[in-house]
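Q:
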Amino acid sequence: MNFEDTPQEAAFRATARAWIAANAPKQYEEELRKSSLGRTQLKNANILEVAKAWQKRKADAGWACLHWPKEYGGRGSSPIERVIWQQEEGPFGKLSGMFIIGHGMCGPTMMAFAREEHKRTYLPPLASGEKVWCQLFSEPAGGSDVAGLRTRAEKDGDNWVINGQKIWTSGAHYSDYGILLTRTDPTVPKHKGLTMFFLDMKSPGVEVRPIKQASGASDFNEVYFTNVRIPDHQRLGEVNDGWNVSLTTLMNERMSIGAGVSTGFPELFDYCSSLMLDDGPAIEDRAVRSKLANWAVKASGLRYTSMRAISALSKGERPGPENSIGKLVAGSMIQDVATYALDLQGAAGVVSGPEDAELAGRFQAMLLRAPGTRVEGGTDEIMRNIIAERVLGLPGDIRVDKDVPFNKIPTKGRG
Amino acid sequence: MNFDFSDDQKQLRDQARKFLAEKCSPKAVRVVLDGKAPYDKELWKGLAEMGFLGVAIPEEFGGAGAGHLELCVIAEEMGRANAPVPFSSTVYLAAEALLIAGSDAQKKKWLPAVASGEAIGTLALFEGKGNPSPKNIKLAASGGTLTGVKKPVADGAIADFAVVAARTGSGGRDGDISLFLVDLKDGGVEVKNLTNLDPTRGQAELTFNNTKAEPLGAAGEGWSILSQVLDRAAVLCAFEQVGGSDRALEMGRDYALDRIAFGRPIGSFQAVKHMLADMYVSATLARSNSYYGAWALSTNASELPEAAAAARISATQAFQHCAKNNIQVHGGMGFTWEFDCHMYYRRANAMALGLGSLSYWEDQLIDRMRKKNAA
Ligand SMILES: Cc1cc2nc3c(=O)[nH]c(=O)nc-3n(C[C@H](O)[C@H](O)[C@H](O)COP(=O)(O)OP(=O)(O)OC[C@H]3O[C@@H](n4cnc5c(N)ncnc54)[C@H](O)[C@@H]3O)c2cc1C
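Protein chains in written order, with the working numbering: chain A, -12 to 402; chain B, 1092 to 1466.
(1) Count the other C-beta atoms from every protein chain shown that fall within 10 angstroms of the C-beta of methionine 294 (chain A), then say buried if there are 16 or more, exposed otherwise.
(2) Assuming phenylalanine 184 (chain A) and tryptophan 230 (chain A) are in contact, meaning their beta carbons sit under 8 Å apart, how far apart are those beta carbons, in whole angstroms?
(3) Taking the Cβ atom as the reference point for each residue, do serine 277 (chain A) and serine 1450 (chain B) lie within a distance shorter than 9 Å?
(4) I'd like to know whether the C-beta atoms of alanine 46 (chain A) and glycine 94 (chain A) end up nearer to each other than 9 Å.
(5) Please report the residue range of the beta strand (DSSP E) in which alanine 1257 (chain B) lies.
(6) Distance check for alanine 283 (chain A) and aspartate 1322 (chain B), CA to CA, integer angstroms please.
(7) With distances taken Cα to Cα, identify the nearest neighbour of leucine 329 (chain A) among A:Asp343, A:Gly348, A:Pro341.
(8) Which stretch, first to last residue, makes up the alpha helix (DSSP H) that contains asparagine 1440 (chain B)?
(9) Cβ atoms of phenylalanine 86 (chain A) and glutamine 42 (chain A): under 9 Å apart, would you say?
(10) Establish whether the CB of arginine 290 (chain A) and some CB of chain B are separated by less than 9 Å.
(11) Is serine 115 (chain A) helix, strand or coil by DSSP?
(12) Who are the Cβ neighbours of phenylalanine 1178 (chain B) in its own chain at under 7 Å, not counting the five residues just before and after it?
(13) Taking CB distances under 9 Å as the criterion, tell me whether histidine 1412 (chain B) reaches chain A.
(14) Would you say glycine 77 (chain A) faces chain B, with C-beta separation under 9 Å as the test?
(15) Helix, strand or coil for isoleucine 166 (chain A) per DSSP?
(16) Less than 8 Å between the CB atoms is what I'm expecting for leucine 315 (chain A) and methionine 263 (chain A), so what's the real figure, rounded?
(17) Measuring only between beta-carbons, confirm whether serine 339 (chain A) sits less than 9 Å from chain B.
(18) So, with DSSP's three-state summary, where would you put leucine 1144 (chain B)?
(19) Tell me the DSSP bridge mates of serine 1269 (chain B)?
(20) Sorted by chain position, which residues of the same chain lie with C-beta nearer than 6 Å to glutamate 194 (chain A)'s C-beta, five sequence neighbours on each side aside?
(21) Please report how far the alpha carbon of lysine 142 (chain A) lies from the alpha carbon of threonine 213 (chain A), in whole angstroms.
(22) Taking one C-beta from the region 1346 to 1359 of chain B and one from the region 1415 to 1433 of chain B each time, how about it: are there three or more such pairs within less than 8 Å?
(23) Any beta carbon of chain A sitting closer than 9 Å to that of aspartate 1369 (chain B)?
(24) Identify each residue in the region 1160 to 1192 of chain B for which the Cβ-Cβ distance to at least one residue of chain A is less than 8 Å, and report them in chain order.
(25) Say yes only if the C-beta of glutamine 1361 (chain B) is nearer than 8 Å to one or more non-hydrogen atoms of ligand 1, and no if none qualify.
(26) Got a sec: is the Cβ-Cβ distance from lysine 1242 (chain B) to anything in chain A below 9 Å?
(27) Under 7 Å Cβ-Cβ, which residues of chain A neighbour arginine 1338 (chain B)?
(28) Applying the 10 Å Cβ sphere with the 16-neighbour rule, what's the burial state of threonine 2 (chain A)?
(29) Would you say the beta carbon of phenylalanine 124 (chain A) is closer than 8 Å to some non-hydrogen atom of ligand 2?
(30) Rounded to the nearest angstrom, how far is the Cβ of isoleucine 149 (chain A) from that of threonine 156 (chain A), given a contact under 8 Å?
(31) Could you tell me the alpha carbon to alpha carbon distance between arginine 377 (chain A) and aspartate 367 (chain A), rounded to whole angstroms?
(32) For glutamate 381 (chain A), return the contacting residues in chain B, with the cut-off set at a CB-CB distance below 9 Å.
(33) Valine 1326 (chain B) CB to nearest chain A CB: under 9 Å?
(34) Three-state secondary structure (DSSP) at tryptophan 147 (chain A)?
(35) Quick check: is any heavy atom of ligand 1 less than 8 Å from the C-beta of threonine 1298 (chain B)?
(36) Which same chain residues, not among the five before or five after glycine 84 (chain A), have their C-beta less than 8 Å away from its C-beta?
Quick look at the structure:
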């Protein structure tokens, strides 16, 4: 049992480290290091521009999307090299937020299902951050129940005509392309009548309306489709096989282990180490210590769970559904941590403006962003279902609509 | 990075699992639980023959000379099987204290006897309420004898020798405590059995009355040795707790698949599924923290104190969580004496207290993290 690199891994790490030291936008390092969930902004720069520039620089030197094949803009690296890169990239990795969906989900789906010429055209600029992609799956009627979606695609000659609405689409307002899941046959059970496409977000008939989130920010959107035309060659996978295509997309998410999920614990520990309460330092208070210890072992448990997963990766094993625990544990933990950090501030905890709040309002920002973490990419409940069914082998939920044609499923309350 | 046990170590784990599945069935555990024997002598002998008792004891002292990682995988299986033997007292506490502080003669006398299963050892630390602390030690040493009462002492009634923490100075400082070795078969100690939460591992009260004792380690070094012993034992116990958590989860899962209510397996109800998923989550976090502890223990890393406390807390919580929800999944059946759920519930809650309670280790963890951050 050890944490040491193999000689090849060590050599790779050294090369990556040297390149990052020479090329990363150092002027933002401190600010990025201090940013946490809900507050990743740069005071004197547009973070999207800084992120795009960093991504482009990586791509030009062969450090973008490491595990992708070279001909599509990647480096052809092993999964473990990708993890090493993420470790070395450190706080600069926080600049990749806007690319996560494109790189983690859209790219791999394109790679598995797009035509060769499309892969060569679209993937390199996706890898280099010149083009940003979004994922158009969720709808008012289909979130957890993705297959309940109603956006229609109808064939018209060599084109498909799209009508309907997507929602919660992260980054749609600055995206160039998107992958889109639609219904092509409402007369068969819901999983069997779906088809996947990719499209240009500037196509006529696509309308993006930013949604103001509970946190006050606007990172996701409603997207309306009115007679949007998509050529058939932009179809991904077979007609009516979109469910299987989307499963590939979702499974690829799991490969994103290793970067480390944020739990809020290091921030809280730092805070308590310097905070003075009415009767002394917070860190010497019995109740505070107990809370901290409980979160400390969750945070370290997650850290070493991901080290175990990385070890399995380096032996060539594939990440399994057990990796769902990271988001499940971290999501509610960060929410609880933020709540507690504000509790420690007493009445002052209510002030959230960066100019007036403790620590520039980082815990307030965390608190307001945390609910989304527990919902995006599968809710806590869906994560527990995944663990129960795919790891522990318990029966699937009873699905009353499984064999019913989609257009015969009752629609009450479906938007 | 290879943050995992080696293939050989995994093989040893399989070997131990197979052996225990055969020799330590729930039925065998019940013989001790029902008070028909103080521990499973046959099993103890078998463990010695398999080389499990001396796995981390150097060859020159009669052990297998393998190491602590090997001991960790065996510990996990001891916990999974809920083994009714004085393994933790003898192997993690008494033997480790000897390994850390014993003279050559002391090691030669006791370690081969531990490895061969002839001698059961224990640590006599507690004196009633309270957690490990120099202040809580009143038992006094003078002129090579000990006077005072220790309780609870795990496996104290069946032990052949005890490592005893005694006061050799007058304050409450670390340096006022020294360790002693006492041969319990000499007859100088009065032993009383105590009824306890987990009868598969006995607890006793030991009364020392001018009892002859020999020093273990240098005078005044007792507390520093004890902290090392407790840290090591915390990691090893964590593996037992991880094994117990896994077993409790497995029992719950199996029952959920088997039991039908409202026309379907209860494991198809989401409330039950989610309860089991949460058990899996805590068992997994505990396992990962324990692996870190194992790494620190086996490499004698400076992180050991922090890693040990984290493993201890995480594994204690996981075992308690899995054991209590295993009963819940079993419904009324889970609350019968006949079903095995309560054995794990008992063990989980007894183990939560044995090396100092959760709140003690929470304190330790935060102190240690602060120290590390300051450094
Ligand atoms: C910040 C953020 C970013 C997002 N980005 C994107 C994106 O880029 N692209 C995209 O396509 N989508 C995106 N989403 C949508 C996200 O995937 C969905 O919100 C999520 O899957 C939940 O679906 P829903 O909102 O329809 O909730 P619902 O499915 O309506 O769920 C409501 C409640 O019911 C529970 N529930 C539902 N089904 C079950 C079940 N089977 N068992 C138990 N409980 C259940 C849920 O857990 C939840 O508590 C984003 C969401 C957020 C919050």
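C-beta atoms are modelled at their ideal positions from N, C-alpha and C, and glycine is treated no differently.
A: Judging by the given coordinates:
(1) Numbered from its first residue, the first sequence carries residue 294 (chain A) at position 307. Burial call: buried.
(2) Counting from one through the first sequence, the residue named residue 184 (chain A) turns up at place 197. Counting from one through the first sequence, the residue named residue 230 (chain A) turns up at place 243. A Cβ-Cβ separation of about 14 Å leaves phenylalanine 184 (chain A) out of contact with tryptophan 230 (chain A) under the 8 Å criterion.
(3) Sequence index remark: in the first sequence, residue 277 (chain A) carries index 290 (1-based). Sequence index remark: in the second sequence, residue 1450 (chain B) carries index 359 (1-based). One thing to note: serine 277 (chain A) has its Cβ within 9 Å of the Cβ of serine 1450 (chain B).
(4) Position 59 of the first sequence, counted from the first residue, corresponds to residue 46 (chain A). Position 107 of the first sequence, counted from the first residue, corresponds to residue 94 (chain A). No. Outside cutoff.
(5) The residue you call residue 1257 (chain B) lines up with position 166 of the second sequence. Per DSSP, alanine 1257 (chain B) belongs to the beta strand (DSSP E) from 1252 to 1258.
(6) Locating residue 1322 (chain B) in the second sequence gives position 231, where the first residue counts as 1. Locating residue 283 (chain A) in the first sequence gives position 296, where the first residue counts as 1. Per the coordinates, the alpha-carbon of aspartate 1322 (chain B) lies some 17 Å from the alpha-carbon of alanine 283 (chain A).
(7) Residue numbering aside, residue 329 (chain A) sits at position 342 when the first sequence is read from its first letter. With distances taken between Cα atoms, leucine 329 (chain A) lies closest to A:Gly348.
(8) The count along the second sequence starts at 1 and reaches residue 1440 (chain B) at position 349. Start and end: 1432 to 1445.
(9) Residue numbering aside, residue 42 (chain A) sits at position 55 when the first sequence is read from its first letter. Residue numbering aside, residue 86 (chain A) sits at position 99 when the first sequence is read from its first letter. In contact: glutamine 42 (chain A) and phenylalanine 86 (chain A) (Cβ atoms closer than 9 Å).
(10) Within the first sequence, the letter at position 303 stands for residue 290 (chain A). Cβ-Cβ to chain B under 9 Å: yes for arginine 290 (chain A).
(11) Here residue 115 (chain A) refers to the residue found at position 128 of the first sequence. Coil, per DSSP.
(12) Taking the first residue of the second sequence as position 1, residue 1178 (chain B) is located at position 87. Around phenylalanine 1178 (chain B): Met1169.
(13) What you label residue 1412 (chain B) is simply residue 321 of the second sequence in a count that begins at 1. The beta carbon of histidine 1412 (chain B) does not come within 9 Å of any beta carbon belonging to chain A, so the residue lies off that interface.
(14) As a working note, residue 77 (chain A) is residue 90 in the first sequence. Judged by the 9 Å Cβ criterion, glycine 77 (chain A) is not in contact with chain B.
(15) Locating residue 166 (chain A) in the first sequence gives position 179, where the first residue counts as 1. Isoleucine 166 (chain A): strand per DSSP, three-state reduction.
(16) Counting from one through the first sequence, the residue named residue 315 (chain A) turns up at place 328. Counting from one through the first sequence, the residue named residue 263 (chain A) turns up at place 276. With a contact defined as Cβ atoms closer than 8 Å, leucine 315 (chain A) and methionine 263 (chain A) miss out at about 35 Å.
(17) The count along the first sequence starts at 1 and reaches residue 339 (chain A) at position 352. Interface with chain B (9 Å Cβ-Cβ cutoff): serine 339 (chain A) is excluded.
(18) If you number the second sequence from 1, residue 1144 (chain B) lands on position 53. Leucine 1144 (chain B) falls in the coil class under three-state DSSP.
(19) Taking the first residue of the second sequence as position 1, residue 1269 (chain B) is located at position 178. Answer by DSSP bridge pairing, in chain order: B:Ala1257.
(20) Here residue 194 (chain A) is taken as the residue at index 207 of the first sequence, counted from 1. Excluding sequence positions up to five before and after glutamate 194 (chain A), its CB lies within less than 6 Å of the CB of Tyr211, all in the same chain and listed in chain order.
(21) Here residue 142 (chain A) is taken as the residue at index 155 of the first sequence, counted from 1. Here residue 213 (chain A) is taken as the residue at index 226 of the first sequence, counted from 1. Distance from the CA atom of lysine 142 (chain A) to the CA atom of threonine 213 (chain A), rounded to whole angstroms, is 15 Å.
(22) Taking a cut-off of 8 Å for Cβ pairs, the region 1346 to 1359 of chain B and the region 1415 to 1433 of chain B touch, as three or more such pairs fall below it.
(23) Start at 1 with the first residue of the second sequence, and residue 1369 (chain B) comes out as number 278. At a cut-off of 9 Å, the C-beta of aspartate 1369 (chain B) has a neighbouring C-beta in chain A.
(24) Cβ contacts with chain A: Leu1160.
(25) Position 270 of the second sequence, counted from the start, is the residue given in the question as residue 1361 (chain B). Distance from the C-beta of glutamine 1361 (chain B) to the nearest heavy atom of ligand 1 is below 8 Å.
(26) Your numbering for residue 1242 (chain B) matches position 151 in the second sequence. Taking Cβ atoms only, chain A never reaches closer than 9 Å to lysine 1242 (chain B), which makes this a no.
(27) Position 247 of the second sequence, counting from 1, holds the residue named residue 1338 (chain B). Correct list: empty, because the minimum Cβ distance to chain A is about 14 Å.
(28) One-based indexing of the first sequence puts residue 2 (chain A) at position 15. Exposed, since its Cβ has fewer than 16 Cβ neighbours within 10 Å.
(29) Ligand 2 is not part of this structure, which contains only ligand 1.
(30) What you label residue 149 (chain A) is simply residue 162 of the first sequence in a count that begins at 1. What you label residue 156 (chain A) is simply residue 169 of the first sequence in a count that begins at 1. Going by Cβ atoms, the distance from isoleucine 149 (chain A) to threonine 156 (chain A) rounds to 14 Å, so no, they are not a contact pair.
(31) The count along the first sequence starts at 1 and reaches residue 377 (chain A) at position 390. The count along the first sequence starts at 1 and reaches residue 367 (chain A) at position 380. Straight-line spacing of the CA atoms in arginine 377 (chain A) and aspartate 367 (chain A) works out to 15 Å.
(32) Within the first sequence, numbered from 1, the residue matching residue 381 (chain A) stands at position 394. The sequence as given places leucine at residue 381 (chain A); glutamate does not occur at that position. The contact set of leucine 381 (chain A) on chain B, defined by CB atoms closer than 9 Å, consists of Arg1344, Ala1347, Leu1348, Pro1356, Gly1358, Ser1359, Val1363, Lys1364, Leu1367, Ala1368 in chain order.
(33) As a working mapping, residue 1326 (chain B) is identified with position 235 in the second sequence. Interface flag for valine 1326 (chain B) against chain A is unset, since no Cβ pair is found closer than 9 Å.
(34) Numbered from its first residue, the first sequence carries residue 147 (chain A) at position 160. In this structure, DSSP gives tryptophan 147 (chain A) an extended state, which the three-state scheme calls strand.
(35) As a first step, residue 1298 (chain B) is located in the second sequence; it is residue number 207 there, counting from the start. No, the beta carbon of threonine 1298 (chain B) sits no closer than 8 Å to any heavy atom of ligand 1.
(36) Locating residue 84 (chain A) in the first sequence gives position 97, where the first residue counts as 1. So the qualifying residues of the chain are Thr27, Ala38.
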